[in-house]
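Protein chains in written order, with this note's numbering: chain A, 1 to 378; chain B, 1 to 243.
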């Protein structure tokens, strides 16, 4: 039984030059604060996103017609792993570049594509995803937010919750019920909702560190044109879940604690401490393995395959790894000295946010259930 | 997979399955010799097979998968490196990582088959969520071990593979801990008997974990290297190894 067919990745010839370009850009405009370099794909910095847009590093694979650069999927992969390894503040555009624009390009009508995709490629339009609702948790099919036909448009009512970045986003792609009385996965559709539409309001949810990433989003008689429908009416569930491999296998699923690992290496330098050497070695081996696995999935996606099971495994292993690092560092390092101050600051920040790592993008239990299905147990 | 590798797999798979854990070099060594397997990595000019390390991975992995009782990987490596050499130690660490990857996949297949068959409380064990979650964890570990072994083989084919072999053996070693624990737990008492074949996989797995570098050995070696290079080199070094 082989559940993960490893792809020997043929890295693009342009990779070294692309890496140099990203490293130079991050050195110039990146994030100087070591704490903010951790978990950096959630750190919004619109100015940095615009800078990436100007440098041609957003929308890398999209058609030139829509502001893209028609480069390969693996070239894009090189850029995003460089950004994350450097702890660049990429949170503003992350979801739009990873999921929303590709979804719009695949299923959107001309009006939606022209309105949003070029602006995303410039680093000027950001997106959020409206899935969770109060009470739904991991049970996404329990969506109740509803849009009903009204003349040649839609009227939307309901509420989304845990919406990452809604407060810095220009539009939301939401999963809503468009067929009255439908249940579970049936009768759902995806709508594109401008965040400045009358009737849309955003209320912050402050996390345990005091940071504002999540929101509640309310829809009160929000009027949308017919063209707000993305793809096919009633196919929303299939559309929304089809691209989860893009979301689950990326380097953001194992690199969230890279900033802490690097601080650990820096700290261990003068220590001559066998326990720290062992910990560094163990974490380095895991990072190397996860990078191979993640890139292997990327190579399959680039060929048009959907390695959904492999992608899910990368997320499970990656989340466990990035979540374990702060606990392991805390257990191994004496924080009572001045020279460990930077390490301590990054570690304590990550200790506090790391519970979310195995929640976002599908909880560990849901993810393991998907793997069990892949093993033929469900 | 290349045609050579497919051919190798199609030759080795049924033979290793037939020979199995009970195979001995004295009785069955000739069958391996007939196929030229011990000469896998000897160049064609010297009368060998002239294989790549990805070819070797395929064969070593299958040896692990079938719990082959003959230490074929050692025979292969001994043909191209002297036992006292550092290179021998490295290549054997790679070989054990590949065998571990194969044996973990075989143990996973065995345990999945078992939980689908075995009924308890009126339904197959595999229908219990707790069992499913354990097996999902196992599957991820087996996947990581396999991926690491491929990464090391690829690096060997390209030249310097010191980092990759160290990382792959360490990753494989760690997968042994979770894999063997879950496999035995889920099998219950039957897996603890001599009549049931699980031990043909788990006993070698425990042995291979401690051979040619245990976890502490490779973790320390890797850690010392990474620390000596410095934090600012870690990621550029990692990417430069594949670019």
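Glycine residues also receive a C-beta, built at the ideal position from the N, C-alpha and C atoms. Nothing here was measured: the structure is a model prediction, and the numbers come from that model.
Contacts around residue i, its chain only, beta-carbon distance under 6 Å, and the 5 residues preceding and following it disregarded
i                     : result
residue 212 (chain A) : 204, 206
residue 201 (chain B) : 67, 103, 106, 107
residue 49 (chain A)  : 92, 93, 123
residue 97 (chain A)  : 58
residue 166 (chain A) : 128, 202, 215, 217
residue 75 (chain B)  : 38
residue 90 (chain A)  : 41, 83
Straight-line Cα distance separating residue j from residue i
i                     : j                     : result
residue 88 (chain A)  : residue 41 (chain A)  : 8 Å
residue 274 (chain A) : residue 281 (chain A) : 10 Å
residue 148 (chain A) : residue 24 (chain A)  : 50 Å
residue 223 (chain A) : residue 168 (chain A) : 21 Å
residue 30 (chain A)  : residue 4 (chain B)   : 48 Å
residue 53 (chain B)  : residue 100 (chain B) : 16 Å
residue 97 (chain B)  : residue 258 (chain A) : 26 Å
residue 115 (chain B) : residue 180 (chain B) : 16 Å
residue 243 (chain A) : residue 378 (chain A) : 22 Å
residue 206 (chain B) : residue 120 (chain B) : 29 Å
residue 299 (chain A) : residue 74 (chain A)  : 7 Å
residue 320 (chain A) : residue 341 (chain A) : 25 Å
residue 328 (chain A) : residue 27 (chain B)  : 49 Å
residue 262 (chain A) : residue 236 (chain B) : 12 Å
residue 90 (chain B)  : residue 56 (chain A)  : 43 Å
residue 253 (chain B) : residue 351 (chain A) : Because chain B is modelled from 1 through 243, residue 253 (chain B) falls outside the range shown and cannot be assessed.
residue 121 (chain A) : residue 52 (chain A)  : 9 Å
residue 119 (chain A) : residue 110 (chain A) : 14 Å
residue 183 (chain B) : residue 57 (chain B)  : 24 Å
residue 231 (chain A) : residue 198 (chain A) : 24 Å
residue 196 (chain A) : residue 159 (chain A) : 16 Å
residue 249 (chain B) : residue 291 (chain A) : Lying before the first or after the last residue shown, residue 249 (chain B) is absent from chain B, which here runs from 1 to 243.
residue 194 (chain B) : residue 354 (chain A) : 44 Å
residue 153 (chain A) : residue 227 (chain A) : 8 Å
residue 22 (chain A)  : residue 134 (chain A) : 40 Å
Chain-order list of residues whose beta-carbon lies under 7 Å from that of residue i (same chain, five-residue window excluded)
i                     : result
residue 251 (chain A) : 80, 81, 84, 294
residue 62 (chain B)  : 9, 12, 13, 16, 102
residue 360 (chain A) : none
residue 265 (chain A) : 280
residue 55 (chain B)  : 4, 5, 8, 40
residue 187 (chain B) : 111, 114, 198
Where residue i falls, given that 16 or more other Cβ within 10 Å makes a residue buried
i                     : result
residue 43 (chain B)  : exposed
residue 270 (chain A) : exposed
residue 143 (chain A) : buried
residue 43 (chain A)  : buried
residue 38 (chain B)  : buried
residue 1 (chain B)   : exposed
residue 192 (chain B) : exposed
residue 417 (chain A) : Chain A is shown only over 1 to 378; residue 417 (chain A) falls outside these bounds and no answer can be derived.
residue 71 (chain A)  : buried
residue 19 (chain A)  : buried
residue 171 (chain B) : buried
residue 263 (chain B) : Because chain B here runs from 1 to 243, residue 263 (chain B) falls outside it and cannot be looked at.
residue 338 (chain A) : exposed
residue 219 (chain A) : buried
residue 83 (chain B)  : exposed
residue 173 (chain A) : buried
Beta-ladder partner(s) of residue i, from DSSP
i                     : result
residue 157 (chain A) : A:146
residue 190 (chain A) : A:175, A:230
residue 203 (chain A) : A:216
residue 222 (chain A) : A:156
residue 127 (chain A) : A:171
residue 235 (chain A) : A:188
residue 119 (chain B) : B:124
7 Å Cβ cut-off: residues of chain E touching residue i
i                     : result
residue 216 (chain B) : Here the protein chains are A and B, and chain E is not one of them.
8 Å CB neighbourhood of residue i in its chain, flanking five on each side removed
i                     : result
residue 47 (chain A)  : 29
residue 138 (chain A) : 362, 363, 365, 366
residue 117 (chain B) : 124
Please list the residues of the stretch 41 to 70 of chain B that have a C-beta atom closer than 8 Å to any C-beta atom in chain A, keeping them in chain order. 54
Check each residue of the stretch 40 to 71 of chain A: if its Cβ is closer than 7 Å to any Cβ of chain B, include it; give the result in chain order. none
Check distances from the C-beta atoms of the stretch 300 to 330 of chain A to those of chain B and list, in chain order, the residues that come in under 7 Å. 313, 316, 317
Listed in chain order, which residues of the stretch 88 to 109 of chain B have Cβ atoms closer than 7 Å to some Cβ of chain A? 105, 108, 109
Residues of the stretch 13 to 28 of chain B with a CB closer than 8 Å to any CB of chain A: list them in chain order, please. none
Just by C-beta distance, which residues in the stretch 251 to 267 of chain A are closer than 9 Å to chain B? 258, 261, 262, 263, 264, 265, 266, 267
Going along the stretch 220 to 232 of chain B in order, which residues come within less than 9 Å of chain A, judged by CB to CB distance? 220, 221, 222, 223, 224, 225, 226, 227, 228, 229, 230, 231, 232
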